Amino acid sequence: MTTAISIRGLTKKYIDVWQRQEVVAVNNLDLEVEEGEIFGFLGRNGAGKTTTIKMLLGLIFPTAGDATILGKPMGDNSVKHLISYLPEETYFYESMTGWDLMDFYGRLFRIPQPERKRRIQICLEKVRLQPDAWHRAIRGYSKGMRQRIGIAQALINDPQLLFLDEPTSGLDPIAHAELRDIVASLKDEGKTVFLSSHQLADVEMICTRVAIIHRGKLLKTGTIKELVEGEHTEITVRGKELANGLIDRLRPIATSVEPIGNDTLKLSSNDPERVSALIDLVRGAKGQVISVMPHRRTLEEVFVETVRKEELASIGAASEEGV
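Following the UniProt record's numbering, the numbering of the sequence shown begins with 1 at its first residue and continues without gaps.
As structure tokens, then:
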């Protein structure tokens with residue numbers, strides 16, 4: 001496949017004037033995004049997602065490293081007409097109507113009037129903005145309507161590559177689902193989408209591959225299947241005789257042992273033979289097996305596990321330095 005985005009050693013550092021220290025927003029990032037895929041870019045607030053996007057768009061300059069966008073150096077003007085961007089916080093001219101806003105952006109791309117009119121209608125219909133809102137002032141738009149017009153303006157130039165920053169944030173469930181489906185449909189048109197989102201269930205549904213970053217550092221990247229691979233079994237057991245001695249015997253066999261109340265445990269294991277051994281131990285201690293349920297990992301579980309592991313490692317490293 002052809003590479004849409006290629007990032008090598010991308011780094012952005014700032015100087016915190018108040019604390020007089022260097023802040024690393026993006027740290028030596030290497031990443032590849034293939035043409036025609038929806039790529040999920042995941043991280044907590046402040047992880048460096050928006051900073052990365054702004055560098056790729058040429059809006060801010062990197063401290064080190066480089067990237068190519070559609071085969072050209074990032075920020076190259078020759079491919080900007082093939083790229084679009086929807087920021088997390090949209091700022092539109094409130095007095096404009098939806099149609100006028102679309103016409104304004106079409107003019108910025110120097111799209112001829114007849115073609116501009118055709119594209120405006122196609123884009124507004126694609127994002128399912130009701131026709132009675134097309135000629136109303138944006139100041140009267142709801143959050144969902146603003147997100148719809150935002151995606152529509154990002155499509156006016158028929159881009160090959162879209163950068164979307166939290167496109168479904170703050171929406172009601174119906175608008176959320178509709179906009180998620182709209183983003184998913186862009187892949188069918190052969191477009192590449194670089195999607196930054198906290199909605200991990202959406203990302204799991206529509207993205208081809210994802211990357212997880214934390215404090216500017218890339219922690220994991222891969223397909224959804226690769227990251228969530230590995231089904232485990234959850235066993236819920238109950239019994240007054242489940243004393244600490246039994247728990248100590250269960251821990252080496254189980255992946256996790258979680259007490260729930262005074263007489264209930266939740267056990268998990270990804271090994272079928274160990275599942276049988278756990279059940280035998282519990283029954284031998286006169287415990288009752290309440291349920292045995294296979295459980296598939298979710299992207300949210302992978303994300304939380306990955307970030308927490310990195311945070312604990314950072315705390316440990318900081319403690320060692322302080323000794």
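We treat Cβ as the ideally placed atom computed from N, Cα and C, and that holds for glycine.
Treat the numbers as computed from the prediction; the structure is a model and nothing was measured.
1. With DSSP as the reference, please indicate the residues paired to LYS217 in a beta bridge.
2. Alpha carbon to alpha carbon, how far is VAL307 from ILE5? Give it in angstroms, no decimals.
3. With distances taken between CB atoms, is the gap from GLU300 to SER268 smaller than 8 Å?
4. For LYS240, does the count of other Cβ atoms within 10 angstroms reach 16, so buried, or fall short, so exposed?
5. Measure the alpha-carbon distance for VAL323 versus SER314 and round it to whole angstroms.
6. Terminal residues of the continuous beta strand (DSSP E) containing ALA4?
7. Mind pulling the beta strand (DSSP E) runs of 3 or more residues that sit fully within the segment 40–122?
8. I'd like the span of the beta strand (DSSP E) that includes LEU29, first residue to last.
9. Compare the C-beta of THR63 against all C-beta atoms of chain C and say whether one is closer than 8 Å.
10. What number of angstroms, rounded off, separates the C-alpha of LEU179 from the C-alpha of ARG297?
11. Pull up the distance between the alpha-carbon of ILE279 and that of LYS266, whole angstroms please.
12. Any idea if ALA64 is buried or exposed, counting beta-carbon neighbours within 10 angstroms, 16 or more meaning buried?
13. Buried or exposed: ALA287, going by 16 or more other Cβ atoms within 10 Å of its Cβ?
14. In angstroms, rounded to a whole number, what distance separates the CA positions of PHE194 and GLY48?
A quick look at the data gives this:
1. HIS214
2. 24 Å
3. no
4. exposed
5. At VAL323, the pLDDT of 49 sits below 50, so the modelled position is not reliable and the matter cannot be decided from this model.
6. 3–16
7. 64–69, 83–86
8. 21–34
9. No chain C is part of this structure, which consists of one protein chain only.
10. 25 Å
11. 12 Å
12. exposed
13. Reading the sequence as shown, one finds Gly at residue 287 and not Ala. Buried is the call here.
14. 14 Å
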